[in-house]
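When we follow the working numbering, the leftmost residue of the sequence shown carries the number 1, and every step to the right adds one. Where is the CB? At the ideal position from N, CA and C, for every residue including glycine. What follows is a single structure, written as structure tokens, with notes after it.
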Amino acid sequence: MFKINGFTMMVDKDLHEKTKDITVDYVSYGMGSGFRVASEIPVAGGGGGGCGSSCSC
1 MFKINGFTMM VDKDLHEKTK DITVDYVSYG MGSGFRVASE IPVAGGGGGG CGSSCSC
């Protein structure tokens, strides 16, 4: 569990060991907006999705 800028983030321990640092950013683009999640070490099979592009959060 991480507390950053007033937000509490929970990341699975095994996933964090594979990805190292994870960045969560809210972006606005074109006709939409959503969350972009990126990691220091990309995980195979991620598909590049994210909230705002193919799922509903």
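Within the region 10-34, the complete alpha helix (DSSP H) segments at least 4 residues long are 13-19, listed from N- to C-terminus. If you look at I4, you'll find it in the beta strand (DSSP E) that goes 2-4. The residue from L15, S28, S33 with its alpha-carbon nearest to that of I41 is L15. Closest in alpha carbon position to F35, among D25, K3, M10, is D25.
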